[in-house]
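So the protein lines, in turn, are chains A and B.
Numbering of the first sequence is given in my numbering, commencing with residue 1 and proceeding in unit increments.
Numbering of the second sequence is given in my numbering, commencing with residue 380 and proceeding in unit increments.
Everything below concerns the one structure shown next.
Protein chains: 2
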Amino acid sequence: MLHRSMRFCELATMIPKLDRSKPCEKVSMSPTPPIRRPVTLADVAQGCGVSRATVSLVLRGSPLVGKATRALVEAELAKQGYVYNRAAANLRRRTSSSIALVIHDLGNPFFAEFAAGVDEALGETGFVTLLGCSNESTARECQVLGSLVEHGPAGIILSPAEGSDTQQVLSAIGGQTPLLLFNRDLEGAAPEYAHWDRLSMDNQRGARLATEHLLGLGHRRIAFLGGLHYATPFRQRRQGYLDAMHAAGLSPQPEWLVESAPTRQEGARRASALLQADPQLTAAVCYNDAVALGFMLGLYANGRRPGHDFAVTGFDDIGEASLSMPPLTTLSTRPRERGRQAAEMILARLHTPHTPARRIVAPVELQVRESSCRPLFPA
Amino acid sequence: MLHRSMRFCELATMIPKLDRSKPCEKVSMSPTPPIRRPVTLADVAQGCGVSRATVSLVLRGSPLVGKATRALVEAELAKQGYVYNRAAANLRRRTSSSIALVIHDLGNPFFAEFAAGVDEALGETGFVTLLGCSNESTARECQVLGSLVEHGPAGIILSPAEGSDTQQVLSAIGGQTPLLLFNRDLEGAAPEYAHWDRLSMDNQRGARLATEHLLGLGHRRIAFLGGLHYATPFRQRRQGYLDAMHAAGLSPQPEWLVESAPTRQEGARRASALLQADPQLTAAVCYNDAVALGFMLGLYANGRRPGHDFAVTGFDDIGEASLSMPPLTTLSTRPRERGRQAAEMILARLHTPHTPARRIVAPVELQVRESSCRPLFPA
DNA sequence: CTGAAAGCGCTTACAG
DNA sequence: CTGAAAGCGCTTACAG
């Protein structure tokens, strides 16, 4: 931790000093506007002949200050174009008005939507989002956490990179700041830090619902496509699929379980192989909507018609499945709402720091399309 | 502006005061770890019997401090788990280590990738990203800018909401902080603020290249699909299409120009109508990859085979077109690189505040697929 | 090479 | 109802 601090402090020396100290000598021919020292409370106070304290009280809407004085000060604030320096106020009050949000893959629209939800909810409460992207690297995650924590966030929302563990995270943030884990768990569970809140999706139940839906339509040869085995959500979703199959007395064939990166590209690429491995397949549960969409394109390219001769369902992590193409019956995870929920959880933690950790598993909703097709090949 | 400040100041009173002042009375049975007052330079200084100044010098890597002292201090820093308070340092030094990033639609993967690029490049320089989402609302954009500017960012990167104008933005940020406009221009050009940097994509040339590519393959009846007329990039892209068509001596039919929201849903929905309006169409330039992908699905659903009997090209804003389905010849805009570029531009502005504004139009690259098809219906 | 002191822009008891 | 003063956690000339 020492080294981290050191490194970032040294980085600070690279940051140019914005020299706003000397009032600008206005050169009339210069087309660029002069850089002025930002106006402070003291400037405003002097401008209208009251004390800094009074100006501060006006700003904070205190009832202690008289009507006339208030009007005077407000006019002066507007006139000088005063901008509140929240960093200074936070320092003095020992408060924070920011929350750090560390995302392992912002390029993934699921997490982008999540981030938008977090920011939206925080903004409504007067908090600001400190963004950090780890790009699925635990090393970068540590750096980013270390850097953000120096800005004194009141809390951290972390969607951990694959493989990041409790000790790493802990030593990066120092154990003072409340943390909320989103979507994934950390490795190396350390029970003494079980006070971290958690928010995740009910992946297992969702996959079970989707599989049961297909079984209910009469499908028997159902594939589970996409996702990589090291990801927690993958294991949970696959388990839900297996649960439903086993409960129906079916043994999924090994070739029905196909791992792939959770992308359209891979979904599309797997279609031919899957249809060759078992031409009798009539349905698939897809790991997420990206895989499902790619798989649908792959089906088309192989002369199949999803929704007519092949049933596809999948998790609608990203919102892609809400595409108006009918075949997909989807499992909705509503990432933006999850973002708002995460924001509310971490803010709640600030008011009640000593409450036991909350572990929320958000429900997943099956949205059935009319066109969900029955199998062409009876079992 | 006054009212804005006021509102946010009042919001501040909602922010709970993290009372870290009194050292925790450790209750041994409590399972939650004690909240300690964060350790400061003074604590460390006292802990190893040097002055605060010395500790500060050690942190900042100054050569002025002796080897032995340095080692002593470093040990103490590690022992106490010191976390640098960058806000305090920034206050004292009158510097800033953050950049505000305001995005009108983070759910759009193009802007999510852009944001990731910004954050990546900023992180490498020791800066932190203050995120704000305007959700395509100019009112929220003003709020968000007002809130972020109170945190004293060294610069602002703004991807403006549709319809936001110079005066609004200016009065929200106060005219002191350097600003970079990404992707869109503001309405109500005010020449005195022409010092704002701009970064956008060469939409017109890109669309022209794509159209010329199709013309070169022999296509004559080419549609331009998707996008909404009020968006600047739409008008630029459509203009590029029109330029190429006119240069080839062709007059695009009115029914070839179809506006729609830039989504897969709309792209898919427009396919049938477009094929009915002119069954002789052999190719389309799509506004972006979302539209193109939806349109491809729509073609399949209408019994056409993109890449075989219909040529599709489009802007690959989002990276969707890099889907391994062959039909799309794409125009790459590389949003993540644009993000890095924006970060570099705004950081450069800090070193050279009085340089004239830079207006960069990033090139767009045509990536031709082998499978680009020739028209089935000769002109 | 190290320490005492002033100050960044705010807030907040405490007098008056 | 208003003002003088202390202090949040740092940095930085300036002495020594």
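C-beta: ideal position from N, C-alpha, C; glycine also.
Nothing here was measured: the structure is a model prediction, and the numbers come from that model.
| Item | Value |
| --- | --- |
| Reference V481/B, options R473/B, F493/B, S475/B, closest by Cα | F493/B |
| Identity of the residue in H733/B, D696/B, V747/B nearest A491/B by Cα | D696/B |
| Helix, strand or coil at E566/B according to DSSP, with G and I counted as helix | strand |
| Nearest-angstrom beta carbon gap, L158/A and L180/A [assumed within contact, 8 Å] | 7 Å |
| Chain-ordered neighbours of T129/A on chain B, where CB pairs are closer than 9 Å | T508, L509, L510, G511, C512 |
| One or two residues paired with R374/A in a DSSP bridge | DSSP output for R374/A lists no bridge partner at all. |
| F489/B versus N514/B: straight-line alpha-carbon distance, rounded | 14 Å |
| Proximity test, Cβ basis, 8 Å: Q555/B and chain A | yes |
| Proximity below 8 Å, CB of V44/A to CB of L91/A | no |
| Chain B contacts made by the stretch 73-95 of chain A, where a contact means CB separation under 8 Å | E74, L77, A78, G81, Y82, V83, Y84, N85, R86, A87, A88, A89, N90, L91, R93, R94, T95 |
| Inter-residue CB distance, G606/B and R616/B (contact presumed, cutoff 8 Å) | 7 Å |
| The beta strand (DSSP E) enclosing A602/B, as first and last residue numbers | 601-604 |
| Bridge partners - V73/A, DSSP secondary structure assignment | Answer by DSSP bridge pairing: none, since V73/A is not bridged. |
| Burial state of D581/B (16 or more Cβ within 10 Å) | buried |
| Which residues DSSP lists as bridging S200/A, in chain order | V361/A |
| Contact set for G327/B: own chain, Cβ-Cβ below 8 Å, skip 5 residues either direction | Residue 327/B lies beyond the stretch modelled for chain B, which goes from 380 to 758, so this question has no answer here. |
| Interface partners of E492/B on chain A, CB under 9 Å | L106, G107, A112 |
| Every unbroken alpha helix (DSSP H) inside the stretch 92-168 of chain A [4 residues or more] | 109-124, 138-149 |
| Residues of the stretch 142-155 of chain A with Cβ closer than 8 Å to any Cβ of chain B, in chain order | Q143, V144, S147, L148, V149, E150, H151, G152, A154 |
| Identity of the residues DSSP links to A690/B by a beta bridge | A662/B |
| E638/B beta carbon less than 8 Å from that of H608/B | yes |
| Exposed unless 16 or more other CB atoms sit within 10 angstroms - verdict on N681/B | exposed |
| Residue interval of the alpha helix (DSSP H) (run including L332/A) | It is Ser, not Leu, that sits at residue 332/A in the sequence shown. Where S332/A is concerned, there is no enclosing alpha helix (DSSP H), although the beta strand (DSSP E) it sits in stretches over 328-332. |
| Per-residue burial, T590/B [other beta carbons within 10 Å of its own, 16 or more giving buried] | buried |
| is_contact[G43/A, chain B] using C-beta, thresh 8 Å | First, the amino acid is wrong: residue 43/A is Asp here, not Gly. No, no contact with chain B. |
| Option in E141/A, P306/A, N183/A, G175/A with minimal Cα separation from S164/A | E141/A |
| Presumed contact (8 Å Cβ cut-off) between P153/A and L186/A, rounded CB distance | The Cβ separation is near 19 Å, so there is no contact. |
| Check whether L297/A and A223/A have beta carbons under 8 Å apart | no |
| Proximal chain B residues relative to P38/A, where beta-carbon distance stays under 7 Å | Q555 |
| Other residues of its chain near R728/B: CB distance less than 7 Å, five sequence neighbours each side excluded | G534, P557, D576 |
| Interface partners of Y300/A on chain B, CB under 7 Å | Y679 |
| 6 Å CB neighbourhood of W256/A in its chain, flanking five on each side removed | A223 |
| G502/B: contacting residues in chain A (beta-carbon distance under 9 Å) | G132, C133, R140, Q143, V144, S147 |
| Inter-residue spacing [alpha-carbon to alpha-carbon] between R336/A and A343/A | 11 Å |
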